[in-house]
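One structure is given below, encoded as structure tokens.
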Amino acid sequence: MELIIVEDYDALSKEGYRIVEAVLKAKQDACLGLATGSTPLGLYKEMIAGYKKGLSYKKVTSYNLDEYAGLGEGDSQSYRTFMNENLFSHIDIDISNTHVPDGKNANLESACRSYNDMLAKNVRDIQILGIGVNGHIAFNEPGTDFESVTHVVELSEDTVLQNARFFDSASEVPKRAISMGIANIMEAKAVVLFASGPNKAQAVYDTVKGEISPRCPASVIRTHAHSYLIADKAAAALLQ
Ligand code: GLP
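8 is the number of the first residue of the sequence shown in the working numbering; add one for each residue after it.
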């Protein structure tokens, strides 16, 4: 894993884009693994700026990490809506080539199986990741097996509280989600984990210096042959 420490959030987004842009330039029909949360927003702004300068996403496909149970297309807090509003509607990607787990499926287990089948057939050239304050990646909470594939997750109390900022109240945050598993994430040819801000400092420390263990799901990326952790100074503060 290559550790890249940058000054601030702006530099983190630009550094991430440098890696993503190289993939997109090398392969017009690249397959991207995308993430939600506030951290990748700067990267998405850079990707939109790249499009405005002539980079095309017409042949690109994408697979998102996760979705809340019960939410999807048309729901303001769904990860599908987040992706449409913050990236897809601003670039020339074919929306039918963008994939987010089907949180609205009445049979979540079957939604997991079909997402998993798609992932098996579509290896991501690059996987973007944020990190939870407890070290989670996607919605793989501490304790999740490194061999896990797409599954239904019971969100930890911690995560529900963290994500309440996107809802009117914590009681509105769904308690379950569909998430790519850690094995799916690790199948990508390259993995880029972003961490920004002081509240991620402990998770970054555990990811870099701790034991490689399901106790800190993000630590798994140290075992990937082509992975990056891009952290701003605040998130990297405990590493000095
Ligand atoms: C959610 C998402 C994760 C994301 C995390 C951190 O739990 N499922 O994929 O990494 O939030 O979000 P933020 O980037 O807003 O700190």
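Glycine residues also receive a C-beta, built at the ideal position from the N, C-alpha and C atoms.
What residues in its chain sit with their C-beta under 8 Å from that of ARG131, if we drop five residues either side in the sequence? Stepping through the sequence shown from its first residue, residue 131 is reached at position 124. Around ARG131: CYS38, LEU39, GLY40, TYR70, GLU194, ALA195 and LYS196.
Here's the rule I'm using: 16 or more other beta-carbon atoms within 10 Å means buried, otherwise exposed. How should HIS158 be labelled? Here the question's residue 158 lines up with position 151 in the sequence shown. Buried, by the Cβ-count rule.
By a C-beta neighbour count over all protein chains shown, 10 Å radius and 16 as the cutoff for buried, is GLU22 buried or exposed? Position 15 of the sequence shown holds residue 22. Classification of GLU22: buried, given that the 10 Å Cβ count is 16 or more.
Below 8 Å CB to CB, which residues in the same chain sit around ASN112 once its five sequence neighbours on both sides are set aside? Looking up residue 112 in the sequence shown gives position 105. Only ALA118 meet the Cβ criterion.
What's the call for ASP101, buried or exposed, on a 16-neighbour Cβ count within 10 Å? Within the sequence shown, residue 101 is the residue found at index 94, counting from 1. Classification of ASP101: exposed, given that the 10 Å Cβ count is below 16.
Indicate whether GLY142 and THR214 have their beta-carbon atoms separated by less than 8 Å. On the sequence shown, residue 142 is found 135 positions in, with the first residue counted as 1. On the sequence shown, residue 214 is found 207 positions in, with the first residue counted as 1. Yes, they are a contact pair.
Whose beta carbon lies closer than 6 Å to any heavy atom of ligand 1, going through the chain in order? ALA42, THR43, GLY44, SER45, THR46, LEU72, ASP73, GLY137, ILE138, GLY139, ALA145, PHE146, THR166 and ASN170
Cβ shell of ASP99 (< 8 Å), same chain only, five flanking positions each side left out: Translated into positions along the sequence shown, residue 99 becomes position 92. For ASP99, where only same-chain residues beyond five positions count, the Cβ hits under 8 Å are TYR58, SER63, TYR64 and LYS65.
Would you identify the three-state DSSP class for CYS38, choosing helix, strand or coil? One-based indexing of the sequence shown puts residue 38 at position 31. Strand, per DSSP.
8 Å Cβ cutoff met for SER20 and GLY49: Stepping through the sequence shown from its first residue, residue 20 is reached at position 13. Stepping through the sequence shown from its first residue, residue 49 is reached at position 42. Contact: yes.
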